[in-house]
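Accompanying notes for the structure given below.
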Amino acid sequence: MSLNPAIPPTAAEATGRRLARLSGAFVLLALAALWIADIHLYRPDPWQELGRIGLGLVTPYWPDIPELALAALQTVAFALLAVAISAVLGLGLAVYFHWRVIRVLAAAIRSVHEIFWGLLLMQVWGLSATTGLLAILIPFTGIFIRVFADILSQQSPQVTDSLGRAPRLSLYAYGRIAQAWPALISYTRYRFECALRSSAILGFIGLPTLGFHLDTAFRQGDYSEAAAVLWVFLIMIGTVRFWLVPGRFWLVRGRIPRWLTLAFWLGVSVWALPASPAVSGNMLWRFISEDIWPRALLNGDLNKALSWYADVFSTDVWPALWQTLAITQVALVLTGVLTLLYYPLASKTLSGRWSAAGRFHLLLLRSVPELMLAYVFMLLFGPSALPAILALALHNGGLIAFLLANLSEQDKRVTTPDQPTGLMRVLYADIPARFPAFLALLFYRWEVMLRESAMMGVLGIATLGFYVDSAFEEIRFDKAFFLILMAALLNIGVDSLSRRLSRRAGLTAPQMG
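Take the sequence shown: its letters are residues 18 to 530, numbered as in our numbering.
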């Protein structure tokens with residue numbers, strides 16, 4: 018019998034069978050991917066190392082508090098300035114999303130991970146503020162364009178129609194943007210949390226954020242110092258709404274304008290940024306026009322250039338592509354399993370007063386970047402695909418479970434005495450009701466998880482990022498650029514496939530904010 022009385026039983030059964038077939042297909046693909054993914058346990062006994070890490074977590078220590086505070090401030094600075102600029106650019110370009118060039122631009126720049134942008138930009142600007150800002154700003158602009166365009170398209174056209182034949186920008190400014198403003202602000206807040214994670218992991222390639230100190234502490238085996246960095250980051254993420262634009266300070270009586278608080282943080286962020294060296298236009302042009310292209314192509318020898326590309330594809334791209342896809346597929350299905358296990362524990366409707374502990378657990382999982390989790394798992398299990406799979410599944414499972422728990426609490430359907438309770442309610446009532454949103458969110462995160470899988474290579478895992486990082490170390494910029502381009506095309510393909518499957522299944526993901 019259908020859970021929604023507005024849907025005839027036959028339609029509900031047909032939808033259920035379609036979603037079940039889709040879920041089964043992905044489970045089978047994940048099982049097949051297990052044979053491809055390089056999953057090994059290199060450490061025979063990880064429990065001793067796990068004990069040391071656990072002891073470090075409960076005994077955090079940092080010898081130089083001002084140094085840690087500066088790293089935290091610079092992490093915020095990169096994230097806040099990048100989001101502020103990219104949100105404005107994204108909103109302006111979202112108005113013209115109907116132009117094909119804008120759609121292609123958004124897809125291209127968001128398909129490259131921030132780490133890869135950082136590695137590219139570092140060759141011109143070094144470890145500077147410009148590198149850090151652009152590494153986050155460029156892909157986030159593409160994300161804002163796409164999501165803001167979706168939000169604006171969902172607004173009622175009546176207000177816009179009442180404005181007559183005004184310029185398109187005016188129609189959107191006074192019509193759709195005004196209607197969508199709360200949703201736009203909510204999503205921008207969510208992206209700022211994502212930017213904080215991106216800013217932190219840029220420290221793994223040398224930028225002076227919290228990730229740099231975490232990487233250094235882990236490499237030296239100073240788990241108490243690593244724990245201090247990690248706790249600072251978790252507290253920063255968990256208290257964003259209290260310190261970014263709270264509207265009220267404990268030092269100030271009454272409320273203060275939110276724009277004034279935001280302006281204060283923007284000013285502090287500009288001050289906190291590290292210095293950026295001057296870069297001549299000739300150096301930038303040389304990198305774009307010469308360094309990232311094979312010598313044969315620059316000499317006009319097309320056959321030799323094609324042979325070079327084919328050789329790189331067969332030796333580097335092809336094996337890395339299969340590893341990246343296999344890790345993503347296994348992690349995607351494991352994410353789904355963890356999500357269904359986690360979200361009832363964080364829903365007050367399903368778990369009552371115990372939901373607070375569940376929500377805190379999910380806060381930890383969704384706040385720690387995948388790269389940091391993978392780094393910890395590598396210390397335990399060695400550099401195989403297993404740390405990447407676990408990190409991706411735990412982080413994304415926590416994120417999707419948090420959203421599903423919110424949906425469960427917002428469900429206003431009237432309960433009746435004959436409805437099941439406890440575990441039976443979760444299995445036979447709540448999970449079936451959440452399943453379409455659950456699948457939609459998994460498809461939404463699929464392309465994101467692929468980007469993260471490729472990036473995991475900077476830790477030594479044999480994905481596309483491993484070959485990209487190796488090419489930069491060998492100062493082979495042409496090879497690195499080609500590998501990044503292949504990663505971007507793979508992301509665009511998976512993103513297109515996930516959207517097509519979502520439309521065919523009639524799935525709509527809730528807003529991520």
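Ideal Cβ positions, reconstructed from N, Cα and C, are used throughout, including at glycine.
Since we're looking at a predicted model, the values are computed, not measured.
Item, Value
"CA-CA distance, Leu108 and Arg127?", "15 Å"
"Beta carbon of Phe165, beta carbon of Leu201: below 8 Å?", "yes"
"If you reduce the DSSP assignment to three classes, tell me which class Thr332 lands in.", "helix"
"My understanding is that Ala471 touches Ala125, with C-beta atoms under 8 Å, so please give their C-beta distance in whole angstroms.", "Contact doesn't hold; Cβ gap of about 15 Å is too wide."
"Pull up the CB-CB distance for Arg35 and Ala522, whole angstroms please, since I reckon it's below 8 Å.", "6 Å"
"Ser515 and Phe455 look like a contact to me (Cβ under 8 Å); what is the Cβ gap, rounded to whole Å?", "Not really, about 14 Å apart at Cβ, beyond 8 Å."
"Report yes or no: do three or more beta-carbon pairs, one from the region 408-428 and one from the region 343-361, lie closer than 8 Å?", "yes"
"Quick one: residues in its chain with C-beta nearer than 7 Å to the C-beta of Trp310, no 5 flanking neighbours on either side, listed in chain order?", "Asp495"
"How long is the line joining the alpha carbons of Ala101 and Trp142, rounded to whole angstroms?", "21 Å"
"For a test of the three-state rule: what should DSSP assign to Ala54, helix, strand or coil?", "coil"
"Rounding to the nearest angstrom, what Cα-Cα distance links Gly41 and Val350 in this structure?", "10 Å"
"Does the Cβ of Glu84 have 16 or more other Cβ atoms within 10 Å, making it buried, or fewer, making it exposed?", "exposed"
"Just how far apart, CA to CA, sit Leu110 and Asn508?", "21 Å"
"Following the continuous alpha helix (DSSP H) through Pro404, name the residue where it begins and the one where it ends.", "Ala402 to Gln427"
"Identify, in the order they occur along the chain, each residue of the same chain with its Cβ nearer than 8 Å to the Cβ of Leu138, setting aside the five sequence neighbours on each side.", "Thr147, Thr148, Leu151 and Ala152"
"Short of 8 Å in beta carbon distance, which residues of its chain neighbour Ala89, apart from the five on each side in sequence? Order them along the chain.", "Leu227, Val249, Phe250 and Met253"
"In chain order, what are the residue ranges of uninterrupted alpha helix (DSSP H) at least 4 long that sit wholly in the region 265-320?", "275-289, 298-303 and 312-315"
"Which residues in the same chain have their Cβ closer than 8 Å to the Cβ of Phe304, if we skip the five residues on either side of it in sequence?", "Gln140, Val141 and Phe494"
"Are the Cβ atoms of Pro386 and Ile218 separated by less than 8 Å?", "yes"
"So, helix, strand or coil for Gly71, using DSSP?", "helix"
"Let me know if Ser115 comes out buried or exposed under the rule of 16 or more other beta-carbons within 10 Å of its beta-carbon.", "What sits at residue 115 in the sequence shown is His, not Ser. With fewer than 16 other Cβ atoms within 10 Å, it is exposed."
"Would you give the residue range spanned by the alpha helix (DSSP H) that Gln91 belongs to?", "Ile82 to Ala111"
"Going by Cα to Cα distance, which pick from Gln171, Leu144 and Tyr113 is closest to Gly159?", "Tyr113"
"Among Asn423, Leu407 and Asp333, which residue has its Cα nearest to the Cα of Leu502?", "Asp333"
"Do the region 477-488 and the region 333-346 make contact, defined as three or more Cβ pairs closer than 8 Å?", "yes"
"May I ask you to report which of helix, strand or coil DSSP gives Arg208?", "helix"
"Of the residues Leu440, Leu524, Leu518 and Ile406, which one's Cα is nearest the Cα of Leu531?", "A query on residue 531 cannot be resolved here, the shown segment of the chain reaching from 18 to 530 and no further."
"When you compare each of Arg517, Leu224, Ala86 and Ser372 to Glu131 by their alpha carbons, which one comes out closest?", "Leu224"
"Candidates Asp447, Tyr326, Met395 and Ser293: which alpha carbon is nearest Lys365's?", "Asp447"
"Can you give me the C-alpha to C-alpha distance between Trp267 and Trp260, rounded to a whole angstrom?", "The pLDDT assigned to Trp267 is 40, lower than 50, so where the model puts this residue is not dependable; a value taken from the coordinates is nonetheless given after this. Roughly 11 Å between the two C-alpha positions."
"Pop quiz: Ala363 and Leu379 are said to be a contact at Cβ under 8 Å. What is the actual Cβ separation, rounded to whole angstroms?", "5 Å"
"Under DSSP, the alpha helix (DSSP H) around Ile168 begins and ends at which residues?", "Ala146 to Ser170"
"Of the residues Ala457, Pro400 and Pro80, which one's Cα is nearest the Cα of Ile532?", "Missing from the structure shown is residue 532; the chain here goes from 18 to 530 and no further."
"Only counting the same chain, and skipping five residues up and downstream in sequence, which positions put a Cβ closer than 7 Å to that of Met300?", "Val141"
"For Asp232 and Ala243, what's the separation of their Cα atoms in angstroms?", "8 Å"
"Below 7 Å CB to CB, which residues in the same chain sit around Pro77 once its five sequence neighbours on both sides are set aside?", "Ser241, Ala244, Ala245 and Trp248"
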